[in-house]
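Enquirer:
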Amino acid sequence: MVEFCGEAIRDLSMEGRMTLCNMAIEMGAKAGLVAPDETTFNYVKGRLHAPKGKDFDDAVAYWKTLQTDEGATFDTVVTLQAEEISPQVTWGTNPGQVISVNDNIPDPASFADPVERASAEKALAYMGLKPGIPLTEVAIDKVFIGSCTNSAY
Numbered sequence: 078m079v080e081f082c083g084e085a086i087r088d089l090s091m092e093g094r095m096t097l098c099n100m101a102i103e104m105g106a107k108a109g110l111v112a113p114d115e116t117t118f119n120y121v122k123g124r125l126h127a128p129k130g131k132d133f134d135d136a137v138a139y140w141k142t143l144q145t146d147e148g149a150t151f152d153t154v155v156t157l158q159a160e161e162i163s164p165q166v167t168w169g170t171n172p173g174q175v176i177s178v179n180d181n182i183p184d185p186a187s188f189a190d191p192v193e194r195a196s197a198e199k200a201l202a203y204m205g206l207k208p209g210i211p212l213t214e215v216a217i218d219k220v221f222i223g224s225c226t227n228s229a230y
């Protein structure tokens, strides 16, 4: 279970929050959540299966209690400063083969896992890339913009 929080998360649209939580599995989590707030309540209000009138007000009152307990302890806390995260792009053929746009294309020899190493070798050959080249020096001749995570929103 991963709980996402902080200013960058609060500033996301509801669709952005749903996308982020849906992506929690990509980091090995079984589920992801963002504590409900006004963005959540405004998104739900008036929807087909949302409570109406007093029932909605009662639901919101309850949903407001669904916050992390004060002083809660976690198995692991990871803090990322969103402004420090560079855009990322894949250098290979799968979402796991991603680096910052400021990084160099990795050398397959740097992968300890033999399956990952072989996959990296095949991806570099397929993409026509060489290890060690700064990604900023790779010409973009084709682009695919797609989403497996938020395509339903």
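To convert a position in the sequence shown, counted from 1, into the numbering used here, add 77. Cβ atoms here follow ideal geometry from the backbone N, Cα and C, with glycine treated the same way. The structure presented is a predicted model; accordingly, all values stated were derived computationally and were not measured.
Out of I222, E80 and V220, which one is the CA nearest neighbour of A149?
Expert: By alpha-carbon distance to A149, the top candidate from I222, E80 and V220 is E80.
Enquirer: Would the beta-carbon of K207 fall within 9 Å of that of I182?
Expert: yes
Enquirer: Could you tell me whether the Cβ atoms of V155 and V166 are closer together than 9 Å?
Expert: no
Enquirer: Taking the DSSP output, what are the residues bridged to L110?
Expert: In the DSSP secondary-structure assignment, L110 is bridged to E80.
Enquirer: A106 and Q144 - do their beta-carbons sit closer together than 9 Å?
Expert: Their beta carbons are not under 9 Å apart, which means Q144 does not touch A106 by this criterion.
Enquirer: Can you tell me whether I210 is buried or exposed? The criterion is at least 16 other CB atoms within 10 Å of its CB, across all chains shown.
Expert: exposed
Enquirer: Classify G205 as buried or exposed, calling it buried when 16 or more other Cβ atoms lie within 10 Å of its own Cβ.
Expert: exposed
Enquirer: List the endpoints of the continuous alpha helix (DSSP H) containing V220.
Expert: From DSSP, V220 is part of no alpha helix (DSSP H); its letter is neither H nor E.
Enquirer: According to DSSP, S196 sits in a beta bridge with which residue or residues?
Expert: None, per the DSSP bridge assignment.
Enquirer: Kindly provide the ranges of any alpha helix (DSSP H) runs that are 4 or more residues long and lie completely inside the region 117-158, ordered along the chain.
Expert: 130-140
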